[in-house]
Structure formats: C-alpha cells, structure tokens
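**Student:** Input: one structure, supplied below.
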Amino acid sequence: MNAKQNQASQNTEKLKEIPKLTRKYAQNRTLTILVFMVIIALASMFFAVVISLPYALAIVGFKKENMVLVCVGIAVLIVALVVMVKFYISFLTKFGGKNKGLLDQIIDRRVYGKEGIVSIPLPKLSKKMKHLDIILAIVYGVLLIGSMELGMLGIIPVKYFLPFTALFVVPFGVYQYFIMRPRLGPVILIFPILYTIHTILILAGVPIFFTGFFAIPLNMLLPVVYSFLAYMIGHIYSRYALKRLKGITRFVGDTADEV
1028 MNAKQNQASQ NTEKLKEIPK LTRKYAQNRT LTILVFMVII ALASMFFAVV
1078 ISLPYALAIV GFKKENMVLV CVGIAVLIVA LVVMVKFYIS FLTKFGGKNK
1128 GLLDQIIDRR VYGKEGIVSI PLPKLSKKMK HLDIILAIVY GVLLIGSMEL
1178 GMLGIIPVKY FLPFTALFVV PFGVYQYFIM RPRLGPVILI FPILYTIHTI
1228 LILAGVPIFF TGFFAIPLNM LLPVVYSFLA YMIGHIYSRY ALKRLKGITR
1278 FVGDTADEV
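Residues 1028 to 1286 in our numbering are what the sequence shown spells out, letter by letter.
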C-alpha cells in the first residue's frame, strides 16, 4: 500500500510539472519568429541597396550641377521609399493574428506541424496599440536603413556605427519582449543584452567591428547573428521541454498501467 501511495505521490508531482513545461515549450517555439526576422533583415538590406542607388545618383547630380540627374534620383528614391513602406505594412499586417492565412500561421505549420498545435494567445490589443506597433516597426525599419545609408556615406564613422544603431535597436528589442509576452519568454531579451554588451565593448576601445569597403553591410550582420543565437537558444530549450513532457507522460502512463 505504501509503495502505491509513493508511486501516486510521484505521479502527482510529475503531473504538476506538465503545465509549466507546456508553457515553456510553447513560449520557445521560436523558429517561426526566426524566419520572420531573417526575412525582415534581408528585406532591409535589399531596400538599403535599392535606396542607396538613386540617393547616390542625386548626390552626384547635385555635385555636377546636373538637375536632370538630381530630379531622376529624387523621383526614383521617392518611389523606392513608397514601395518599402507598403512592403513593411503588408508584411507586418499578415504576421501575428488568428487568421489561418497569416504568415506566422503558415510558417508555424511548416516548422512545427508534426508536433501539433500549441500556443499562448497574446492579450487583445486595441486598434491604437495595433497601429502603434506597425508604426514603430516601420520607424525601426526606416532608422535601420537610414543608418546604413549614413554609414555607407561616411557620415557615421564605422567605429561608432553599431553604438549608434544600438540607440534604437536595443529599445526596440526590449519593446518586442513586452509586446510579445506571454507568447514568447525571456529568451527574446538575449538579443538586446548581447547587442548592449557588444556596444559597450566597442566604446571601451575593443575593435570588434568590421572595416573596409563592405564594413556597413558586414556590421549589420552582427545583429542578425545575435537574433539568430537568441532564437536558436529558445528553440533548443523547446526541444528540452518537449523531451521532458514526453518523458513525464510516458512515466505516468507506465506506472498507471502497473497500478
């Protein structure tokens, strides 16, 4: 009888871990967000190159006092900016929601389809908050691309490029944690923490930045690496939580059969 009671007590303790592990597993299914971030990063780099060409054309025309080049450069630049803003609005409004056709749902089914559906719903946001979220994302993208342009033009020295971008990248990273919780766990904070440490080391004189002709694009890869690292850590932790969950359910099931 005591053996059965002890076994039942162990089962009870194991069962208590299931909600906690399930929550950890759901919060760290981060490959979906990783794919999204990679798409945004690649799109930002693409638009940075596209925008730099007409901008450079306008600058050359201004220096040579060729108003035709200036007008063409400005016109193409405006078109490129409009296309960029429309892309970000269209992309962001299709990511994060309940409709089955949204990008996050499609990516999630592709990545985690074999594991079933599990998620922690986000708190309902007012229309003002949804609009604010989209506006902040667009502002972030514009600041990122603008910083790359200023860096490639030499206005922002290469040494201070990453510290300058940290002024808006780090706050945005922290904001993402607060806006995405409880759907995502604290693992998302790894990115702004690593970015801050990197920036402090640069300001302290440690030469951990790229130089040369491709300095700006290469330096912009560092935030992508930190994001990738943060979300990969989250994904690995989700594997650990899933393994624990399977172990508990198997353990409880076996002992129940024995009893």
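Glycine included, every Cβ here is placed at the ideal spot set by N, Cα and C.
Kindly indicate which three-state DSSP category F1022 falls into: helix, strand or coil?
**Tutor:** Because residue 1022 is not part of the residues shown, which for the chain are 1028 to 1286, the question remains open.
**Student:** How big is the Cα-Cα spacing for K1041 and V1110?
**Tutor:** One C-alpha to the other measures close to 54 Å.
**Student:** In whole angstroms, what separates the C-alpha of I1235 from that of L1228?
**Tutor:** I1235 and L1228: Cα-Cα distance of roughly 8 Å.
**Student:** Tell me where the alpha helix (DSSP H) around K1186 begins and ends.
**Tutor:** Careful: K1186 lies outside any alpha helix (DSSP H) and carries neither H nor E.
**Student:** Leaving out the 5 sequence neighbours to the left and right, which residues in its chain are closer than 8 Å to A1107 when beta-carbon positions are compared?
**Tutor:** If we look at A1107 and ignore the five residues flanking it on each side, its Cβ neighbours are F1074, V1077, I1078 and P1081.
**Student:** Got a sec? Which residues, its chain only, sit under 8 Å from R1271 by beta carbon, not counting five neighbours each side?
**Tutor:** The answer, listed in chain order, is E1044 and L1048.
**Student:** For L1104, I'd like the list of residues in its chain whose CB is within less than 7 Å of its CB, leaving aside the five on either flank, ordered along the chain.
**Tutor:** Excluding residues within five positions, the ones whose Cβ falls inside 7 Å are I1078, P1081, Y1082 and A1085.
**Student:** Answer yes or no: do G1173 and N1055 have a C-beta to C-beta separation smaller than 9 Å?
**Tutor:** No; because the gap between Cβ atoms is not below 9 Å, this pair is not in contact.
**Student:** For a test of the three-state rule: what should DSSP assign to E1285, helix, strand or coil?
**Tutor:** Bear in mind that the predicted position of E1285 carries a pLDDT of just 49, short of 50, making it unreliable; the figure below should be weighed with that in mind. Helix, per DSSP.
**Student:** Looking only at its own chain, which residues have a Cβ that is under 6 Å from the Cβ of G1124, when we skip the five neighbours before and after it?
**Tutor:** For G1124, the predicted model reports a pLDDT of 49, less than 50, meaning its position is unreliable; a value from the coordinates is still stated below. Closer than 6 Å at the Cβ level, and outside the excluded window around G1124, lies no residue.
**Student:** Cα separation between P1198 and E1092?
**Tutor:** If I take the Cα positions, the gap works out to 41 Å.
**Student:** Kindly indicate which three-state DSSP category F1191 falls into: helix, strand or coil?
**Tutor:** The answer is helix: DSSP assigns F1191 an H, G or I state.
**Student:** Give every residue of the same chain whose Cβ lies closer than 7 Å to the Cβ of Q1203, excluding the five residues on either side of it in the sequence, and list them in chain order.
**Tutor:** Excluding sequence neighbours, Q1203 sits near I1215.
**Student:** Is the Cβ-Cβ distance between F1218 and G1200 less than 9 Å?
**Tutor:** Cβ distance < 9 Å, so F1218 and G1200 count as in contact.
**Student:** Report the three-state DSSP secondary structure of R1050 (helix, strand or coil).
**Tutor:** Looking at R1050 - three-state DSSP - the assignment turns out to be helix.
**Student:** Are A1257 and T1057 closer than 9 Å when you measure CB to CB?
**Tutor:** For A1257 and T1057, yes; Cβs fall inside 9 Å.
**Student:** Considering only their Cβ atoms, is the gap separating M1175 from M1072 smaller than 9 Å?
**Tutor:** Yes, the pair counts as a contact, with Cβ atoms nearer than the cut-off.
**Student:** For the alpha helix (DSSP H) containing T1059, name the first residue and the last one.
**Tutor:** Run containing T1059: L1058 to K1090, per the alpha helix (DSSP H) assignment.
**Student:** If contacts are defined as beta-carbon pairs under 8 Å, then Y1222 and A1193 qualify, I think. What distance do you get, rounded to the angstrom?
**Tutor:** Between A1193 and Y1222 the Cβ distance is about 6 Å, and since that is below 8 Å, they are a contact.
**Student:** Quick one: Cα of I1275 to Cα of I1224, how far?
**Tutor:** Taking the straight line joining both Cα atoms gives about 38 Å.
**Student:** Where does I1220 fall in DSSP's three states?
**Tutor:** Helix at I1220.
**Student:** At the level of alpha carbons, what is the spacing between A1164 and M1094?
**Tutor:** Taking the straight line from one Cα to the other gives about 35 Å.
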